[in-house]
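Residue numbers for the sequence shown follow full-length UniProt numbering, so the first one is 1 and each next one is one higher.
Just so it is clear, CB atoms sit at the ideal spot from N, CA and C, and this is done for glycine as well.
Written below as structure tokens is the structure these notes are about.
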Amino acid sequence: MSFISSLTRTSLNRPTADGTDPDGTGPDGSGSTRSRGTRSRGTRFRAAGTVIGPATAVSALVLLIAVAWALVPDLFTQYDPNDGGDTAALLAPSADHWFGTDQTGRDVFARVVHGASQSLLAALVAVGVGLIVGTGIGLIAGTRRGWVDDVLMRAVDVLLSIPAILLSLSIVIVLGFGTINAAIAVGVTAIAQFARLTRSEAVRINTSDYVAAAYGSGGTYWSVLGRHILPNSISPVLTLAVLQIGSAILQISTLGFLGYGTPPPTPEWGLIIAEGRNFVATAWWLTVLPGLVVMAVVLSTHQIGNTLRKVTS
Numbered sequence: 001m002s003f004i005s006s007l008t009r010t011s012l013n014r015p016t017a018d019g020t021d022p023d024g025t026g027p028d029g030s031g032s033t034r035s036r037g038t039r040s041r042g043t044r045f046r047a048a049g050t051v052i053g054p055a056t057a058v059s060a061l062v063l064l065i066a067v068a069w070a071l072v073p074d075l076f077t078q079y080d081p082n083d084g085g086d087t088a089a090l091l092a093p094s095a096d097h098w099f100g101t102d103q104t105g106r107d108v109f110a111r112v113v114h115g116a117s118q119s120l121l122a123a124l125v126a127v128g129v130g131l132i133v134g135t136g137i138g139l140i141a142g143t144r145r146g147w148v149d150d151v152l153m154r155a156v157d158v159l160l161s162i163p164a165i166l167l168s169l170s171i172v173i174v175l176g177f178g179t180i181n182a183a184i185a186v187g188v189t190a191i192a193q194f195a196r197l198t199r200s201e202a203v204r205i206n207t208s209d210y211v212a213a214a215y216g217s218g219g220t221y222w223s224v225l226g227r228h229i230l231p232n233s234i235s236p237v238l239t240l241a242v243l244q245i246g247s248a249i250l251q252i253s254t255l256g257f258l259g260y261g262t263p264p265p266t267p268e269w270g271l272i273i274a275e276g277r278n279f280v281a282t283a284w285w286l287t288v289l290p291g292l293v294v295m296a297v298v299l300s301t302h303q304i305g306n307t308l309r310k311v312t313s
């Protein structure tokens with residue numbers, strides 16, 4: 001009888017397959033691995049909730065509205081952005097024309113809404129160019145090292161030494177005016193930032209034990225790069241991409257304001273502001289209200305980017 005009791009106590013106290021005791025404690029008595037993992041995930045979720053405050057919520061709402069403008073502009077305005085019809089020119093903001101009318105009678109709010117598609121599309125193309133090219137350069141430079149690293153990073157240093165607006169203007173002059181060409185020009189100016197960040201992450205990850213184990217198990221350079229180094233270095237790069245969207249919108253609007261972006265009469269945020277600059281004294285709404293929209297969208301993207309950086313760090 002005592003033998004059966006002893007055997008029962010031994011089986012009850014035997015650790016489970018995950019290394020925990022039946023009472024939920026681990027081998028060191030500190031609690032189960034599952035419980036600690038659950039608490040860790042809960043802590044991360046609570047930390048994310050603390051970071052995501054009212055400012056981030058408002059920023060997300062602003063970006064959702066801007067995206068909705070770009071996707072379904074006719075849902076928000078009934079006016080033609082390029083034809084004022086019989087509407088009087090330079091009408092002040094009112095219930096009928098929220099942002100007033102311009103010098104040809106066109107509804108300014110309609111032009112801002114329809115211009116969202118041009119500005120946001122150009123910003124996404126610009127960030128895509130910088131992300132793809134810059135990430136590729138950074139990965140190769142951070143893993144190949146030697147003369148390859150030196151050549152690539154010296155080219156990146158050259159890009160960083162040229163003011164972004166001057167470089168983008170030079171590229172637009174070579175490629176020609178237009179939304180996509182302006183986006184490519186702005187994207188080239190962003191390559192250096194993506195390359196430097198990706199290289200620093202690639203250098204750190206390339207010296208880790210699991211990368212050495214991947215090479216030791218027969219992995220090729222490209223397979224290790226695609227399966228291990230890129231996935232583990234992409235998180236801060238994507239956060240930078242969100243931040244760069246706001247900067248790209250601002251740069252593309254600047255090119256449009258200077259006359260190097262989308263040709264008129266196609267509405268684009270920078271062009272809309274430029275068209276009203278001669279009427280600032282008599283019709284302030286032509287520049288102030290579209291400018292406030294650009295500022296709100298740019299600040300919102302930076303707020304979202306900073307929030308993502310805090311959550312993922």
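Same chain only: Cβ atoms within 7 Å of W98, ignoring 5 sequence neighbours per side: The residue given as residue 98 occupies position 98 in the sequence shown. These residues qualify, in order along the chain: F109.
V112 vs V298 beta-carbon contact at 8 Å: For the purposes of this step, residue 112 is taken as residue 112 along the sequence shown, with counting starting at 1. For the purposes of this step, residue 298 is taken as residue 298 along the sequence shown, with counting starting at 1. Their beta carbons are not under 8 Å apart, which means V112 does not touch V298 by this criterion.
Run of the alpha helix (DSSP H) containing P54, from where it starts to where it stops: Residue mapping note: residue 54 aligns to position 54 of the sequence shown, counting from 1. Per DSSP, P54 belongs to the alpha helix (DSSP H) from 54 to 71.
Rounded straight-line distance, which links the Cα of Q251 to that of I180: Here the question's residue 180 lines up with position 180 in the sequence shown. Here the question's residue 251 lines up with position 251 in the sequence shown. One C-alpha to the other measures close to 13 Å.
Coarse secondary structure for T220, derived from DSSP in three states: The sequence position of residue 220 within the sequence shown is 220, counting from 1. Of the three classes helix, strand and coil, the one that applies to T220 here is coil, per DSSP.
CB contact flag (V127, A70, <8 Å): Along the sequence shown, one-based indexing puts residue 127 at 127. Along the sequence shown, one-based indexing puts residue 70 at 70. Their beta carbons are not under 8 Å apart, which means V127 does not touch A70 by this criterion.
Nearest residue (CA-CA) to R106, options G218, A89, P93, G115: Position 106 of the sequence shown, counted from the first residue, corresponds to residue 106. It is A89 whose Cα lies nearest to the Cα of R106.
Residue interval of the alpha helix (DSSP H) (run including H114): The sequence position of residue 114 within the sequence shown is 114, counting from 1. Segment 108 to 144, the alpha helix (DSSP H) holding H114.
Paired residues, beta bridge with T101 - DSSP: Looking up residue 101 in the sequence shown gives position 101. D107, per the DSSP bridge assignment.
Beta carbon of G134 nearer than 8 Å to that of A192: As a working note, residue 134 is residue 134 in the sequence shown. As a working note, residue 192 is residue 192 in the sequence shown. Yes, these two residues count as a Cβ contact at 8 Å.
Exposure label - L166; buried when at least 16 CB within 10 Å: Sequence index remark: in the sequence shown, residue 166 carries index 166 (1-based). Exposed, because fewer than 16 other Cβ atoms sit within 10 Å of the Cβ of L166.
The stretch 278 to 293 contacting the stretch 231 to 240, beta-carbon criterion three pairs below 8 Å: A contact is defined here as three or more CB-CB pairs under 8 Å, and the stretch 278 to 293 fails this definition with respect to the stretch 231 to 240.
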